[in-house]
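Chemist:
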Amino acid sequence: MPMEGIEIFDYRVGCNEDIVYLKIVGYIDTTTSVALVSQLRKLLQENYCQFVVDLGAVQYVSSAGWGVFVGEIKNVRDRGGDIKMVHMTPEVLDVFEMLEFNRILRTYDSVEEAINEFDFIRGFDITQSPIKTFPKTPKSEQELPQITPTQPVVGLSESSLYKKSRGSYYQSDPKLLPLSEKIKHIVIENPLLGVWGIYKEIRSEKYGKTKVGLIRFYRMLKELNLESKEKRYRFYRSR
Numbered sequence: 030m031p032m033e034g035i036e037i038f039d040y041r042v043g044c045n046e047d048i049v050y051l052k053i054v055g056y057i058d059t060t061t062s063v064a065l066v067s068q069l070r071k072l073l074q075e076n077y078c079q080f081v082v083d084l085g086a087v088q089y090v091s092s093a094g095w096g097v098f099v100g101e102i103k104n105v106r107d108r109g110g111d112i113k114m115v116h117m118t119p120e121v122l123d124v125f126e127m128l129e130f131n132r133i134l135r136t137y138d139s140v141e142e143a144i145n146e147f148d149f150i151r152g153f154d155i156t157q158s159p160i161k162t163f164p165k166t167p168k169s170e171q172e173l174p175q176i177t178p179t180q181p182v183v184g185l186s187e188s189s190l191y192k193k194s195r196g197s198y199y200q201s202d203p204k205l206l207p208l209s210e211k212i213k214h215i216v217i218e219n220p221l222l223g224v225w226g227i228y229k230e231i232r233s234e235k236y237g238k239t240k241v242g243l244i245r246f247y248r249m250l251k252e253l254n255l256e257s258k259e260k261r262y263r264f265y266r267s268r
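Using this note's numbering, read the sequence shown as starting at 30 and increasing by one per residue.
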């Protein structure tokens with residue numbers, strides 16, 4: 030029986046359809062978290078251990094709500110799985126980071142990014158994955174996120190100074206590269222990083238603690254045709 034304040038929809042996704050995509054609608058507190066715990070444990074009993082949790086339609090998550098994910102993560106990882114969080118609203122993300130749960134749970138920019146990482150680390154060719162379209166929920170007229178291929182990236186020009194094999198693409202110290210080349214270097218080293226992950230890398234010691242604002246950084250990604258996960262992975266595959 031559905032619990033007031035929360036609705037949980039689950040779908041099977043990924044190359045083998047063995048990844049559970051959980052779309053949660055409502056809020057997660059001491060009361061509603063009971064339904065979430067029950068759902069997760071039921072799925073674990075059915076031998077599912079890879080979860081993508083979409084919080085895009087969640088208005089609020091209390092510390093007790095976060096405790097559900099933290100409490101189950103060890104059991105999930107002991108089975109070789111993980112819980113990946115996507116689409117947090119700014120308010121939910123603030124609490125998540127304030128409680129330092131970002132040290133335990135990983136966040137992603139999109140549903141497809143999280144699903145692709147599960148498949149990628151298991152050796153699947155995610156470029157050959159079938160298109161996944163999730164059905165509508167009763168609470169919304171809008172469709173849930175779609176995993177769809179983008180058009181091929183065209184017009185990317187590379188400096189012959191750096192262009193070699195993927196393993197030796199850059200010969201210079203990453204700290205000395207211009208911003209655009211630093212971004213490409215990061216994408217080639219880890220095509221699964223999200224936008225925020227790339228931004229943090231740019232500002233790390235390895236890349237000279239580059240000082241760049243978020244707006245300028247995102248504009249650069251768009252200029253390089255690397256603003257989406259699919260475009261970054263296609264760029265990585267082309268090296």
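Backbone N, C-alpha and C fix where the C-beta goes; we use that ideal spot for every residue, glycine too.
Under the rule that 16 or more other beta-carbon atoms within 10 Å means buried, what is Pro220, buried or exposed?
Modeler: Working through the sequence shown from its first residue, we reach residue 220 at position 191. Classification for Pro220: buried.
Chemist: Please list, in chain order, all residues of the same chain as Tyr89 whose beta carbon is under 6 Å from its beta carbon, the five residues on each side excluded.
Modeler: Locating residue 89 in the sequence shown gives position 60, counting from the first residue. Once the five neighbours on either side are set aside, the close Cβ partners of Tyr89 are Tyr56.
Chemist: Do Asp83 and Ile37 have their CB atoms nearer than 8 Å?
Modeler: If you number the sequence shown from 1, residue 83 lands on position 54. If you number the sequence shown from 1, residue 37 lands on position 8. The answer is no: Cβ separation not under 8 Å.
Chemist: So what does DSSP say about Phe80, is it helix, strand or coil?
Modeler: Indexing the sequence shown from 1 puts residue 80 at position 51. Strand, per DSSP.
Chemist: What do you reckon, are the CB atoms on Thr118 and Ser91 nearer than 8 Å?
Modeler: Reading the sequence shown from its first residue, position 89 is the one you call residue 118. Reading the sequence shown from its first residue, position 62 is the one you call residue 91. No.
Chemist: Bridge partners of Gln52, per DSSP?
Modeler: Taking the sequence shown and counting its residues from 1, the one referred to as residue 52 is at position 23. First, the amino acid is wrong: residue 52 is Lys here, not Gln. In the DSSP output, where bridge partners are listed per residue, Lys52 has Phe38 and Asp83.
Chemist: Along the chain, where does the alpha helix (DSSP H) that runs through Lys260 open and close?
Modeler: The residue you call residue 260 lines up with position 231 of the sequence shown. Lys258 to Ser267 is the span of the alpha helix (DSSP H), which, as asked, contains Lys260.
Chemist: Are Glu142 and Gly223 close, meaning C-beta to C-beta below 8 Å?
Modeler: As a position in the sequence shown, residue 142 is number 113, starting the count at 1. As a position in the sequence shown, residue 223 is number 194, starting the count at 1. In this structure, Gly223 lies closer than 8 Å to Glu142 by Cβ.
Chemist: Who are the near neighbours of Arg132 in its chain, counting only those whose CB is closer than 7 Å to its CB and skipping five residues on each side?
Modeler: Along the sequence shown, one-based indexing puts residue 132 at 103. Cβ neighbours of Arg132 beyond the five flanking positions: none.
Chemist: Could you pull out every unbroken beta strand (DSSP E) segment of at least 3 residues lying fully inside the region 102–136, listed in chain order?
Modeler: Runs found: 111–115.
Chemist: Compute the Euclidean distance between the alpha carbons of Arg70 and Glu126, then round it to the nearest angstrom.
Modeler: If you number the sequence shown from 1, residue 70 lands on position 41. If you number the sequence shown from 1, residue 126 lands on position 97. Using only the alpha carbons, I get a separation of about 25 Å.
Chemist: Contact defined as beta carbons within less than 8 Å: I believe Met32 pairs with Ala64. What is the distance between those atoms, to the nearest angstrom?
Modeler: Mapped onto the sequence shown, residue 32 falls at position 3. Mapped onto the sequence shown, residue 64 falls at position 35. The Cβ separation is near 4 Å, so the contact holds.
Chemist: Check whether the Cβ atoms of Ile227 and Ile244 sit closer than 8 Å, and answer yes or no.
Modeler: Walking along the sequence shown from the start, residue 227 turns up at place 198. Walking along the sequence shown from the start, residue 244 turns up at place 215. Cβ distance not < 8 Å, so Ile227 and Ile244 don't count as in contact.
Chemist: Short of 6 Å in beta carbon distance, which residues of its chain neighbour Gly110, apart from the five on each side in sequence? Order them along the chain.
Modeler: One-based indexing of the sequence shown puts residue 110 at position 81. These residues qualify, in order along the chain: Cys78 and Gln79.
Chemist: Report the partner residues of Ile57 according to the DSSP bridge assignment.
Modeler: Locating residue 57 in the sequence shown gives position 28, where the first residue counts as 1. DSSP, once it has assigned bridges, lists Val90 as partnering Ile57.
Chemist: Using three-state DSSP, classify Arg151 as helix, strand or coil.
Modeler: To locate residue 151, count along the sequence shown from 1; it is residue 122. Here Arg151 sits in coil by DSSP.
Chemist: Buried or exposed, going by whether 16 or more other CB atoms sit within 10 Å of the CB of Glu210?
Modeler: To locate residue 210, count along the sequence shown from 1; it is residue 181. Buried.
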